[in-house]
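Numbering (my numbering), first residue to last: 377 to 587. See below for the structure under consideration.
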Amino acid sequence: MRYLTFALGKGRLARQTLELFEKIGITCEEMKDRDSRKLIFTNEELKLRFFLAKGPDVPTYVEYGAADIGIVGEDTILEEGRKVHEVLDLGYGKCRMCVCGYESAKPLLKHHEIIRVATKYPNIAKDYFYNKKHQTVEIIKLNGSIELAPIVGLSEVIVDIVETGSTLRENGLEVLEEVCPLSARMIVNPVSMRMESDRIKDLLKKLRTQI
Ligand code: PRP
C-alpha cells in the first residue's frame, strides 16, 4: 500500500487538526514535539505521512499531487485558486474575511471612492471590490500585521481575517463590511480522489462523525 500524504497548514489550525485526527485514531506523536526540526512524519501502521507547510503552500502541494490531502483555511484556498477538490468543512478555525478600518472610512466605501486596500489576500480583495462591489481600488499586498496599514496611513482600509475582533479593538479599528465567513477545509488532489477513493471515503466518513 502506498502512503497517503497529508499537508497541514502550520499555525493556528495545526493543533486542532491533530486533535481531530487523534479522535479518529490517527496519531502522530512525533509531530507534537514543537522543538523538533523534522519536516515529515510517518505513521507506518496506517501508511500515512504528514508534513506541516506554510498555509498558502498547502494547496500547491495538493494540486501537484505531492500531498494527496491538505488541511488549510478556506481563505487560503480562495486566495490561491488551485485545482483541488474541496471535500469537507472541518468546522473549526471559524472566522470572517472583512473589510476593516477606522469608522471614518465608511463613507469612502459607500461612495465608491478610489481608495487603497492593504491585504495579505489580493485576489480575494480584488474579487470583492471589482466583481461584487464594482468599486475601483488600489490593492497593496502585505505579509502580516495588516492592521498597521490604516494606522500609519498606508491605506484607508484593509481586507483581513477577523476571529475574536480583539486585534481591531485594541487598535481602534472596526469591521466595516463582511466579505465572507471562513473555516478550516479539507482539500484533495483530483487524481488521488480517484486512485485512493476508498481510503479517502473511509477517512471522510470517520471525520464526519466528529464534526
Ligand atoms: C490574523 C489576522 C488578524 C488577527 C485576527 O493575524 O490577520 O491580524 O489574526 O484575529 P483576532 O480577530 O482574534 O484578533 P495572525 O495572528 O494570523 O498574524 P499576521 O498578523 O502575521 O497575519
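In this text, a Cβ means the ideal position worked out from N, Cα and C, and glycines have one as well.
Worksheet item: If you measure from each residue's Cβ to the nearest non-hydrogen atom of ligand 1, which ones come out under 5 Å, in chain order?
Response: Gly520, Ser521, Asp536, Ile537, Val538, Glu539, Thr540, Gly541, Ser542, Thr543
Fill in: Val533 and Val475 closer than 8 Å at C-beta
yes
Practice prompt. Would you list the residues sitting across from His461 in a DSSP beta bridge?
Written response: Val564
Discussion item. Quick check on Tyr504: buried or exposed, where buried means 16 or more other Cβ atoms within 10 Å of its Cβ?
Written reply: buried
Worksheet item: Ordered along the chain, which non-local residues of its own chain (more than five positions away) have a Cβ less than 7 Å from that of Ala390?
Response: Leu384, Leu428
Fill in: Helix, strand or coil at Ala443 [DSSP, three-state]
coil
Worksheet item: Three-state secondary structure (DSSP) at Gly467?
Response: coil
Item to complete: Classify Leu552 as helix, strand or coil using the three-state DSSP reduction.
Response: strand
Worksheet entry | Chain-order list of residues whose beta-carbon lies under 8 Å from that of Arg575 (same chain, five-residue window excluded) | Leu380
Worksheet item: How would you write the range of the beta strand (DSSP E) that Asp536 sits in, first residue to last?
Response: 533-538
Discussion item. Just list the residues that DSSP pairs Ile416 with in beta bridges.
Written reply: Phe427
Fill in: The beta strand (DSSP E) enclosing Ile527, as first and last residue numbers
Unbroken run through Ile527 is the alpha helix (DSSP H), 524-528; no beta strand (DSSP E).
Worksheet item: Using the rule of at least 16 other Cβ atoms within 10 Å of the residue's Cβ for burial, across every protein chain shown, is Glu523 buried or exposed?
Response: buried
Fill in: Paired residues, beta bridge with Arg492 - DSSP
Glu514
Discussion item. Let me make sure I understand the geometry here. Which of Phe382, Glu539, Gly441 has the alpha-carbon closest to that of Arg388?
Written reply: Glu539
Item to complete: Take the Cβ of Val567 as the centre, count every other Cβ of all protein chains shown within 10 Å, and call the residue buried at 16 or more, exposed below.
Response: exposed
Fill in: Member of Leu394, Arg378, Pro498, Arg410 whose CA lies at the smallest distance from the CA of Glu421
Arg378
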